[in-house]
Amino acid sequence: MLTDHLLSALIFLPLVGALALLALFPAAPEAAAHGAESDPHAGPSMPGGRAAAIRLFALVVSLATFALSCVLLARFQMKAGYQFLESADWLPMFGAKYTVGIDGISVLLVALTTFLSVLAIGYSFTVTKRIKEYMVFLLILESAMLGVFCALDLILFYVFWEAVLIPMYFLIGIWGHERRTYAAVKFFLYTFAGSVLMLVGLVAVIRLVGSSDLSALSIPGSELNDKLQGFPAQSLMWIYASFALAFMVKVPMFPFHTWLPDAHVEAPTAGSVILAGVMLKMGVYGFMRICLPMFPQQAMQSSGLFIALAVIGIIYGAVVAAVQPDMKKLVAYSSVSHLGYVMLGVFSFTHLGMMGALLQSINHGVSTGMLFFLVGCLYDRRHTREITAFGGLKRSVPALSFFFLVAMLSSVALPLTNGFVGEFAILQGSYLSKTAGPVWTAVAAVGAILSAVYMLWLFQRVFAGPLSKEENRAMPDLSLREKLVLVPLVVLVFWFGVAVTPWVRYMEPTITAPKLVRPKAAPIEYIALPGMDGVRR
Amino acid sequence: MHDLHTGQWVWLIPVLPLVGALLHAGLGARVIAALGDKRGRWLVGAVATGLVLASFAVSCVVLSDLVVNGGEHRRALAGLGPGGSTPDWIRMGGLHLRFEALVDPLSMLMCLIVTGVGGLIHLYATGYMATDRDYPRFFTYFNLFIFMMLVLVLGSSAALMFVGWEGVGLCSYLLISFWFEDPENAKAGNKAFIVNRIGDVGFLLGMMTVFSIFGTLNFRTADGTGFLDLAEHGRTAAAALTVGSATLISLLFFVGACGKSAQFPLYIWLPDAMAGPTPVSALIHAATMVTAGVVMVTRLSPIFAQAPSAMMVVAAIGLFTAVLAAGVAAVQNDIKKVLAYSTVSQLGYMFLGCGVGAFAAGMFHVTTHAFFKALLFLGAGSVIHAMSGEQDMRKMGGLSGRIRVTHATMVAGWLAIAGIPVFAGFWSKDLILNSALGAPLYGVLLYAVGVGTALLTAFYMTRLMAKAFWTPQRFVEPHGDTGHGGDDSHGHGHGHGGVHESPRSMTVPLIVLAALSVVGGLVGTPWANAFERFLEPSIASPSLIVPHEGMPAATGLLAGALVAALGVGAGLYAYRTKGKSGFLADERTRKSNPLFVGATNLWYVDGILSRIFIGGGGRFADRVWRWADRTLIDGAVNAVAWTTGAVAEVVRRTQSGYLRSYAVTMLVGAAVVVAWVLGGSVRP
Amino acid sequence: MQGNSIGFWILAALCIAAAVQVVANRNPVRSALALVGVMCCLSVFYFAQGAEFVGAVQVIVYAGAIMVLFLFVIMLLNLGAPNPMMDRVGLSKPVALLASAVLLGSLAFAGALKIAPGRAVKSPVSGTVQQIGYALFDPGRPWLFAFELTSVLLLVGVVGAVVLAQRRSD
Amino acid sequence: MDPITATHYIGLSAILFAIGAVGVGIKRNPIVIFMCIELMLNAANLALVAMGKHLGSISGQMMAIFVMAVAAAEVAIGLGIIVSIFRSRETIDIDEVNLLKL
Amino acid sequence: MRRDIDVMAEIAFIYPLIALWVGACLLLLLARPLRRATRPGGSAALAGAALLASLAFLVRQGNEGLNVIAFGGSIAGDPLTASICTILLLCGMMAVALAPTYLAARGYDNPEYYVLLLTSLSGAMLMAMARDLVVVFLGIELLSFGLYIMAGFVREDARGGEASLKYFLLGAFASALMLYGIVLVYGSSGSTNIEALRSAVIKESVQSAMFAGGLALVLIGLAFKAAVAPFHQWSPDAYEGAPLPVTAFMSVVAKIAAFAVLIRLADSLAPLHATWLPAVRLLAILSMVVGNVVAVAQQNLKRMLAYSGVAHAGYLMVAVAALGSSHAKGAALDTQTLAMSGAVFYLLAYAIMTMGAFAVLTYVTGTGAECQTLADLKGLARRRPAAAYGMAALMLSLGGVPPTIGFMGKLQIFWAAVAGREMGLAVALALVSVVAAYYYLRVVLTMCFEETGAEPATAGAPRAAGWVVAISATAVLVLGVMPGLLMGLIGMVR
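Residue numbers (my numbering), protein chains in the order written: chain A, 20 to 556; chain B, 491 to 1174; chain C, 8 to 177; chain D, 393 to 494; chain E, 8 to 501.
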């Protein structure tokens, strides 16, 4: 039973948990009566035991989901093609089915989602405002994100894709910081605007090929995919553009990135972590799952543009990050830069680059997630994110500064941390690729310098220097719970950095699947192994 | 390739210091708390030093094994995993990297230097840092540095070398800003890391180019498919190395070398790096890390050798840096800054050697330099220690009688760097200069400038010695407990008070290094160059490049000795006659002479670069953010929203509430619709 | 036919003039009277076309009952002419005229108002009460159902009037 | 002169209709507006009768009768509303009945 | 054309209508006793019973009702009729449930209200059944008369009177325009029967210009009822002025009925599409843009929902255009079916969403002053979390965000538009829906994000309205995930 419906169980467990949370903890009348918590930092608005029970329940649900994803990882067969497939009739009028399944591209993202969700919920024990709603939204969010990565039907994919926005909108809007309303609306509208046209494109694809079966459409060489390639290139280009726009906004690629700093800054810590750690990867995933296999020629034609934008994003994000006065904003812009690398890898169309992109997606989730947690810890202690409010913290909070150092090193892609593996693979892939090539790679590599500039400067201003401010002097170091949240991330930082091969095995067969090499879509080079054709000399 | 009997021990060489680092990080503070301050610190220091020395011992064993069993090539691969296994690091898409050591003369030589000199400096540091509050943290970083440096020299692939390459950069950063409470130190650390990163990107790109051409990053493998193997036999192998790509690779890697080894224009970080504790300066910024560039160039010599123009660039940059830095060193007043610029200058020499094809000579100079420069730095540290933290030579003088051991050992270092015959520096410097003279085309020019620099070197080192030791005392005798004690000191506050000799833990390393500075060069005399023969398997084969001797060895040595004597003599004379006060030139000369002014201002390189990149970059970034992000992109987004709102307001006004206007609107709408439809139906 | 035709033109002119008066006159009572005039003219047209029942109902119900109701309400409310200074929608007159003209013009120019002559049916229909009755109760035609609907409609009219007239229920 | 055909009647009805439409757009007294609407309905009736005659079908007249019935019911409601408004506001000038807007 | 006349079968076909009319008469007869009854919901219960009876008749007809042609072809049954009538009856029930507490609090819980509601609803159902333009006209009038009066039902409220007057005068004007259109159609073809028109059009025995002009005027009349721009200007004023339960009723019922006729015309008079498609496209775009853009500037929720209704009418016009376009371009039959079922599905979605939204307002209003503005909803999530999140679901659904019924509806319209190759309209719809999301989200934001000094929840929220909220919010989510539950109803539209 479980084995047959493992994925469905995984996807919907958090949702069921959320509903159970609603059912088990109905709105307490006394809470409604005196629920006048205008100050988000005020004490709990409900009896402590109840709040603790809610937190614990949510944590248990997320842990159970994580456990399921571990089962998934354990049972995953290291080969190409979709696994754990489930299919059921859903929308007969569109021929759409409820189809879920994962392959090497999605399996790690699924695991990342459940993993970060556990940490996000674990971290959020300090939230006191409307705790039940908070946990419900976090769990719904987890379900929706898992759905995006597992959906193998275009319409189902879109439903999950958009559904993700709703809980995040609430998370930012209710539990965010000062300008949360603006940020929530901007976040929602920006990404929504990006993806509405995708709906038109999606419907157009389904109309053209007569099926919304993504599990077939996303396999180059399949009957459906071939059918799609048979349509006029110009129409395909329009459809491709509608998809690409949606994913670009989500990633976000320059110049569609301006929602990100606002959303990241204003979101509560857990929200920022999920946003950076998982949601941005949805865009990358979209490119890899839909844009590249379904529109190879169009992707190839537009690769110049995308590579240019990716590289601009790398440099631009880093340059702008350097001058941010707000820590979260700095990390947010660094995400723009990092995701630029990821997109460079994707559009290198080389195995190495694409694997690097996928790895870097995970890595970015880990390292930026960690950074956001740490900034959140600082915010919890000082209620400010202004860099100038800190200084010399290495003395007062050594553990925090140690974790920050690790996160920073991972973020600047120091070898033996996870960041290096991904970045190196991406750069090497793009160097080899015919679409990017050495020159773009060289420009992109400058980002490595700039990342050191902004991260080190941040570290210096926050942790070095004299401990002059009184409130910093008395700052408590990390609590046990906070450490428990951060340690798994540190483990991953070094695990990926030192022994990445086991993780690569999950994705390698899928990305290097021979079927991806399509003679018909001649210009696209999915493979560029040394010694084989397609290597750039 | 032969298997070594000790192959399964090689992994211990880097791992022992790593274990030390982890121990200190995890338990150091707790041990000190548990055992009490004195015994705890002793234990931490002993573990740190002991592990490095253990590593040195393993290196010695492995080296002897290599010499005995290494066969003709004296080359072997050994796993770096536990028990000599070879774990995978990255295996994806044709990229296959493993944790594996390339055991050959070059790597083992560096292992010896790193662990040997490193061990001595560790020992020294137990004394120097004895009262620092972050004692365990210091040795965490220090041991970690040794680990990274060993990975750098041992790594069997360019990628693994890069691990060490960036790793030592990290440790350098951490140690420079060790006393982080002073923002200047933190800034210096950042500067070091960032400037190094510039070089690292060159390394990275070079590595990628290598991979794109050879399809592997391994230096050498058992079956001869490493890229150095391929490059050496490139003309017959599948992947041929053209001169163009060899030049590209060489130049990119050389950018990396420039960063790490502080060559023009990336040398600007090194003088600032002196903000770190003196043992750090000795170990990282003199003896080991900064020579990594030379090691790397030597390692890649089969490729460099095929790119004559790149070699020319290496030689030119090296020499230029040597002159430039020597000039600056001659006018510095901070004792550590003098030594820092001296290091930059000496590194330039090493690159000059490499650039003219004398890779072995370059490495020889690396080795001797490690001895005497570490010695000089540690000596300077001892002086600073004696002066309770004072680094300004203008406030020294007359120390020769006060700290005798330090003085005696530093004299050995002085003679070695000045190139006085028999001392270590004499042999290595001469080899380089002689090869430079033999270089085609510009040999004479290179030689002439090189000799001038040697002269300058001898002079400024004499100046240093004179100012610190031999000129009359220029400081007020500190009395009582004036060392800056208290919590917020950097650890300079040793709380002794008064000029005093350093403890045994500090003087022993000085003595050992002094001995090495005296005799260390004898392994590489032109007549019995054991060093060169030993290193031969690790550098480009003679079929690719052979350094030329510009003149007979004896002549060269004589010339070198003369130059050194001249420089030392000039210095001594000047400070005996004019410079009794400690100053050679008067205030006016110092302000008006362009050479003097330029040298004092570091030839303006630092200022210009930081103005462009720090000031200008910051302003630029700020402007970009405000203009592009806020105004342009967000402005466009907001403009859409604003326009919608404005249109909404305008259209909203038509909803006037007046029934007649509604009726008229309907009428107009009806007229338009009817006309539109009829227009459509009338037309066929 | 000739006489008919002259009569038509005269009556049509009268009719239009009265209609213009309905719109143009300031005084609502005069407007109402002008409307009665229009209706009487139309009644004549109905008779002229053989629609006797319709013509009769036009006079009796429309001109008689309904317009009396209008006049009654006008008098009841005793409003008089509105104050021209209070006219708030200045532009509405010309625009309304123009739009109406465009509507009329486009219908006319497109030929939408022109009956195709060839389709005229020779057997004339007359609108006597008898024929109307036959048509009304013919189950094969929609009029019976429409008739029933009209009854519901009138019921709603009655209820509506009652609702509007009654007071609050409490 | 041409013989009078259905087209003439329809043309006349269209003119009356247009006049009524103009009236709806320009009058301020709702009763008069309502009368203008009645004028439009009457115009439609004229066209119906004329068309019915032309087509030889009695349907035109039938429809005209139903239109009259509808108009009667409409008058009951419309005048009721107007009176009701007057009772609560003491005015029925539509330019003053203007609480709801924007 | 004509079948053997089976009068009883024909009458049986209109049992659902008769049930409403009988209910109306009973209400009138029992007015006195009902008014004297202490419980305020008595009339409502009776009206509800009538609606239930009507629904029962409709359901009992089942498939038999799908083939009936009654009363000289003036009305007939088919899946479209059946589904629209069902939707209308459901709306009627919800509207009845909203009324009692609200009206009683204002002293107007009269049986006459329900009489008007029932007859009005019967008019709307007639429009769905109608196969003859005369019946369409009569249906519109029947629908409208009730609405005119209901809008001003609370007579102390000057705004209600104003709404009533404006709605009435403009409505009468629009009916006159439409009537003239019917006249022209009749004149051009000699018939007002849609089937007859269809065959006449196919035989090309109509006068095309007159027919087109007539059709255009009919289109305008229906556009007015459906509040399609630029014939929408009555709707914000009427919605705002009318009592909340009435607003809920008229916003939904009039639109559904008008679109039922529009869909039928678009489907039946296919060959003429080339002539009126441009106008439909024009109205669709105008309506989408005007509705969504002006809604942005609204602070009053009733007005905002009115403009949103204009926008949704625009979306539905897209479906109509797609239907026409797929006919005109000779697309496969299934695309026409899709367009029709899409439009009907959207009507249902719109009905649930809008009804639900007004129900929330009614619920929050309770017995107090009308909850109309955004400010009234401020911090609702703290006061009444269930209502607030229900409203949030409804708003997101109106905005077309998955997983809600609004999204499924929008998807169907996109589907139809793409199938009908109306790509321009599809893209326009996509773009304006971003604007729409803005103002719907603003409601959510006001309710959930903004905090007020939370006053205790007003006592005595109407339970029936609460049920309507709960049902509609649940339906919005459940049907958004599994629209298949309804597809049995919608899928058979053709």
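Cβ atoms here follow ideal geometry from the backbone N, Cα and C, with glycine treated the same way.
Rounded to the nearest whole angstrom, the CA to CA distance from Val-504 of chain A to Leu-138 of chain A is 6 Å. Close to Gly-192 of chain A, with beta-carbon spacing below 7 Å, are these residues of chain E in chain order: Leu-452, Cys-455 and Phe-456. Using a Cβ-Cβ cut-off of 7 Å, Gln-419 of chain E does not count as an interface residue toward chain B, since no Cβ of chain B sits closer than that to its own. Within the stretch 105-171 of chain C, no complete beta strand (DSSP E) segment of 3 residues or longer occurs.
Cα atoms of Gly-178 of chain E and Gly-147 of chain C: separation of roughly 32 Å, rounded to the nearest angstrom.
In summary, the residues of the stretch 137-148 of chain C whose CB is separated from some CB of chain E by less than 9 Å are Asp-145, Pro-146, Gly-147 and Arg-148, in the order they occur in the chain. None of the residues of the stretch 20-34 of chain E has a beta carbon lying less than 9 Å from any beta carbon of chain A.
For Gln-822 of chain B, there is no enclosing beta strand (DSSP E), since its DSSP letter is neither H nor E. Under the Cβ criterion of 7 Å, Ser-113 of chain C is not counted among the residues facing chain D.
Below the 7 Å Cβ cutoff, chain B contributes Arg-1150 as neighbours of Ile-418 of chain D, in chain order. The beta-carbon distance between Ile-445 of chain A and Gly-388 of chain A, rounded to whole angstroms, is 19 Å. This is too long to meet the 8 Å contact definition. For Lys-885 of chain B, the closest alpha carbon among the candidates B:Phe-959, B:Ala-816, B:Phe-913 and B:Asn-924 is that of B:Phe-959.
Contacts between Pro-422 of chain D and chain E, judged by CB atoms closer than 7 Å, involve Leu-172 and Leu-176 in chain order.
Scanning its chain for C-beta atoms nearer than 8 Å, with the 5 sequence neighbours on each side dropped, one finds around Leu-486 of chain A the residues Gly-410, Gly-411, Leu-412, Arg-414, Ser-415 and Arg-492, in chain order. DSSP places Ile-580 of chain B within a strand segment (E or B) once states are collapsed to three. In the pairwise beta carbon analysis, the stretch 135-146 of chain C is classified as not touching the stretch 58-73 of chain E: fewer than three pairs are separated by under 8 Å. Note on geometry: alpha-carbon atoms of Gly-574 of chain B and Met-374 of chain A lie some 29 Å from one another. Judged by DSSP secondary structure, Asp-1112 of chain B falls within the alpha helix (DSSP H) whose first and last residues are 1107-1114. DSSP places Ala-568 of chain B within a strand segment (E or B) once states are collapsed to three. As a beta-bridge residue in DSSP terms, Asp-108 of chain A pairs with A:Lys-116.
Taking Leu-218 of chain A as reference, the option from A:Asn-244, A:Phe-262 and A:Thr-277 with the minimal CA-CA separation is A:Phe-262. Counting other Cβ atoms within 10 Å of its Cβ, Trp-1117 of chain B stays below 16 and is therefore classed as exposed.
Identification of chain B residues near Leu-184 of chain E by a Cβ-Cβ cut-off of 7 Å yields Ala-1160, ordered along the chain. For Val-593 of chain B, the enclosing beta strand (DSSP E) starts and ends at 590-593.
Following the DSSP letters along the chain, one finds Ser-647 of chain B in no alpha helix (DSSP H), marked with neither H nor E.
With the rule of 3 Cβ pairs closer than 8 Å, the stretch 572-588 of chain B counts as touching the stretch 501-520 of chain A. By alpha-carbon distance to Ala-350 of chain E, the top candidate from E:Ala-170, E:Leu-330, E:Gly-487 and E:Leu-276 is E:Leu-330. For Ile-429 of chain D, no CB of chain B lies under 7 Å from its own CB, so it is not counted at the interface with that chain.
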